[in-house]
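Novice: Encoded as structure tokens, here's the structure I'll be asking about.
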Amino acid sequence: MPKTEIRVGGLGGQGVILCGHIIGKAASIYDNKHATLIQSFGPEARGSACSAQVTLDEEPIGYPYVKRPDVLIVMSPDAYFQFAPSLKPGGVLLYESELVTLDERLPEGVVAYGIPATRLAEELGRRLVLNIVMVGFFVGVTGLVSPEAAERAVVHSVPKGTEQLNQRAFRKGYEFGLKLTGKGNGGPRHDA
Amino acid sequence: MMLEGYPKPITLRDGTTLVVRPVEAKDGEALLAFYRALPEEDRLFLRDDVTSQAWADRFIGSIDYEKVIPLLAEAGGEVVANGTLYRTLHGWTTHVAEIRLAVARSFQRRGLGTALLRELVGVAISLGVEKMIANVVDNQVGAIRAFEKRGFHREAVLKGHVKDIHGLKRDLVIMSNDVSHIWDAMAAMVADYSPTLGG
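This is the structure:
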């Protein structure tokens, strides 16, 4: 795996930082790669913009800041507006399809995959786990970390008692991602 | 909805191994045989006449793992316990689930009730339930102990609310287990709050 830069963006309360944290943890602790995480917050927690910058590499990482991400995960319109233009041409966009509408600001060659993560999380019983649905979706679409590593990272990162629901959320997103990219049973379908 | 992880083997403290799994449509007769074998004293506090075919048909017909999640424990091909989680999907108590539990006399005081309860509590939490309740009669000491082991406490007592087999009025204890702190912890974790930036 070449050095891969990822940015996760959304609103406070959507679990943006935890999403980035789990991706990095899965890669570094359970897949034996290297990862860094930079997090930034708005002036208030809930409802304000926040983002996480995650870098994954086979080698030690000397510079952790993400300027032109290879993969952008957005969970809110504001995050899309702010970060989509910085996505590397030919990069991958993963977005909350019932909150974000794609437009012409996407750089050339970007492949976009949408998932109704909030609705799926609500169907599982808790809107709180939308970020874990996104983690699963990220793993299913990109394959940048192994599903086993990611699921272990989920289970070891969430509060005790919530592991089962979070596991179900991860699998829901993962299977959705596999299906959308044609790795599952649904055949390829790019909805950019 | 599929219940994951079942059938699941469980071992009681005396070494007896049983299987816990969701009740399926084919279990009507076995369930009826289980309830018919319960002593009348144990059946009296149940809400329905669980010895009737009509009840069995209704219960099996009502199985919908979104709302009614029944588990049973089997030993040697026989049902020896039944525990059910009841949810409300609309209205003001969607965060609450009720647990009902019945254990065969020969398996009481052997840890089966506690084990089955552990499964039901796990299922409830995995469905996002914040609070569980159970109704127990004050002299059902074993049941009260089993619920207490799984985090329940006595929340309310309805005096003289039920009559036992001898016509003696007894108190109904409403036990509850509030697990909302689990979800509060999850909410705090996804708040995207910076420990270094304010408040």
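Taken in sequence, the protein lines are chains A and B.
Going by this note's numbering, the first sequence opens with residue 1, and the numbers climb by one from there.
Going by this note's numbering, the second sequence opens with residue 193, and the numbers climb by one from there.
Beta carbons are placed, not taken as given, at the ideal position from N, Cα and C, and that holds for glycine.
1. Can you look up residue 331(B) in the DSSP assignment and give me helix, strand or coil?
2. I'd like to know whether the C-beta atoms of residue 12(A) and residue 383(B) end up nearer to each other than 8 Å.
3. Between the alpha carbons of residue 376(B) and residue 246(B), how many angstroms are there, rounded?
4. Leaving out the 5 sequence neighbours to the left and right, which residues in its chain are closer than 6 Å to residue 228(B) when beta-carbon positions are compared?
5. Using the beta-carbon of each residue, which ones in chain B are nearer than 7 Å to residue 16(A)?
6. Tell me which residue opens and which closes the beta strand (DSSP E) that residue 200(B) is part of.
7. Note down the Cα distance separating residue 158(A) from residue 360(B), rounded to an integer number of angstroms.
8. How big is the Cα-Cα spacing for residue 7(A) and residue 316(B)?
9. Give the DSSP-derived three-state secondary structure of residue 364(B) in the structure shown.
10. Going straight from the alpha carbon of residue 355(B) to that of residue 233(B), what length do you get?
11. For a cutoff of 8 Å on Cβ pairs, would you count residue 82(A) as touching chain B?
12. Are the C-beta of residue 158(A) and some C-beta of chain B separated by less than 8 Å?
13. How far does the beta strand (DSSP E) with residue 345(B) in it extend, from its first residue to its last?
14. Under 8 Å between the Cβ atoms of residue 342(B) and residue 369(B)?
15. Count Cβ pairs between the segment 98 to 111 of chain A and the segment 63 to 83 of chain A that sit closer than 8 Å; are there 3 or more?
16. How is the alpha helix (DSSP H) around residue 170(A) delimited, first residue to last?
17. Give the C-beta separation of residue 273(B) and residue 296(B) to the nearest angstrom, bearing in mind that I take them to be a contact with Cβ-Cβ under 8 Å.
18. Strictly below 8 Å CB to CB, what residues from chain B border residue 168(A)?
19. Closest to residue 181(A) by C-alpha separation, out of 88(A), 115(A), 151(A), would be which residue?
20. Apply the 10 Å Cβ neighbour rule to residue 318(B) and answer buried if 16 or more other Cβ atoms are within range, or exposed otherwise.
21. Tell me which residues share the same chain as residue 1(A) and place their Cβ nearer than 8 Å to its Cβ, disregarding the 5 neighbours each side in the sequence.
22. Please return the same chain residues whose Cβ sits closer than 6 Å to the Cβ of residue 18(A), not counting the five positions on each side in sequence.
23. Secondary structure at residue 131(A), three-state DSSP: helix, strand or coil?
24. DSSP has residue 113(A) in a bridge; who is on the other side?
25. So with Cβ pairs under 8 Å, would you call residue 164(A) a contact of chain B?
26. Smallest Cα separation from residue 311(B): which of 378(B), 285(B), 275(B), 322(B)?
27. Look at residue 293(B) and residue 248(B) and say whether their C-beta atoms are less than 8 Å apart.
28. Note down the Cα distance separating residue 238(B) from residue 286(B), rounded to an integer number of angstroms.
29. Report the option in 269(B), 240(B), 215(B), 280(B) whose CA atom is closest to the CA atom of residue 252(B).
30. Grab me the residues of residue 177(A)'s own chain with a C-beta within less than 6 Å of its C-beta, minus the 5 sequence neighbours each way, in chain order.
31. Are the C-beta of residue 45(A) and some C-beta of chain B separated by less than 8 Å?
32. If we define contact as Cβ-Cβ less than 8 Å, is residue 247(B) a contact residue for chain A?
33. Could you compute how far the alpha carbon of residue 53(A) sits from the alpha carbon of residue 25(A)?
34. Taking only the alpha-carbon atoms, compute the straight-line gap between residue 28(A) and residue 147(A) and give it to the nearest angstrom.
35. Hey, is residue 374(B)'s beta-carbon within less than 8 Å of any beta-carbon in chain A?
36. Sorted by chain position, which residues of the same chain lie with C-beta nearer than 6 Å to residue 372(B)'s C-beta, five sequence neighbours on each side aside?
Specialist: Quick answer:
1. Reduced to three states, the DSSP call for residue 331(B) is coil.
2. Between residue 12(A) and residue 383(B), the CB-CB gap stays under 8 Å.
3. Roughly 42 Å separates the two Cα atoms.
4. Cβ-Cβ distances below 6 Å link residue 228(B) to 243 in the same chain, with the five nearest sequence neighbours on each side left out; the list follows chain order.
5. Within chain B, 384 have C-beta atoms less than 7 Å from the C-beta of residue 16(A), given in sequence order.
6. It spans 200 to 203 - the beta strand (DSSP E) in which residue 200(B) sits, taken as one unbroken run.
7. Their Cα atoms are separated by approximately 49 Å.
8. The alpha-carbon atoms of residue 7(A) and residue 316(B) are separated by roughly 34 Å.
9. Under the three-state reduction of DSSP output, residue 364(B) falls in the strand class.
10. The C-alpha of residue 233(B) is placed about 11 Å away from the C-alpha of residue 355(B).
11. Not a single CB atom of chain B sits nearer than 8 Å to the CB of residue 82(A).
12. Yes, residue 158(A) counts as interfacial toward chain B.
13. For residue 345(B), the enclosing beta strand (DSSP E) begins and ends at 345 to 355.
14. Going by C-beta atoms, residue 342(B) is nearer than 8 Å to residue 369(B).
15. Yes, they touch.
16. Where residue 170(A) is concerned, the enclosing alpha helix (DSSP H) starts and stops at 163 to 180.
17. The C-beta distance from residue 273(B) to residue 296(B) rounds to 6 Å, short enough to meet the 8 Å contact threshold.
18. Per Cβ cutoff of 8 Å: 196, 318.
19. Residue 181(A) has its Cα closest to that of 115(A), out of 88(A), 115(A), 151(A).
20. With a 10 Å radius around the Cβ and a threshold of 16 neighbouring Cβ atoms, residue 318(B) comes out buried.
21. The residues are 33, 56, 57, 58, 144.
22. Short of 6 Å from the beta carbon of residue 18(A), and not among the five residues preceding or following it, lie these beta carbons of its own chain, in chain order: 131.
23. The DSSP-derived three-state label of residue 131(A) is helix.
24. Paired residue(s): 94(A).
25. Using a CB distance cut-off of 8 Å, residue 164(A) counts as an interface residue toward chain B.
26. Residue 311(B) has its Cα closest to that of 275(B), out of 378(B), 285(B), 275(B), 322(B).
27. Contact: no.
28. Residue 238(B) and residue 286(B) have their C-alpha atoms roughly 23 Å apart.
29. Residue 252(B) has its Cα closest to that of 215(B), out of 269(B), 240(B), 215(B), 280(B).
30. Excluding positions up to five away in sequence, the list reads 137, 140, 141.
31. Unreliable positioning characterises residue 45(A) in this predicted model, as indicated by a pLDDT of 49, which lies under 50. A coordinate reading is not provided.
32. Interface flag for residue 247(B) against chain A is unset, since no Cβ pair is found closer than 8 Å.
33. The alpha-carbon atoms of residue 53(A) and residue 25(A) are separated by roughly 13 Å.
34. About 14 Å.
35. It does; some Cβ of chain A falls within 8 Å.
36. Around residue 372(B): 322.
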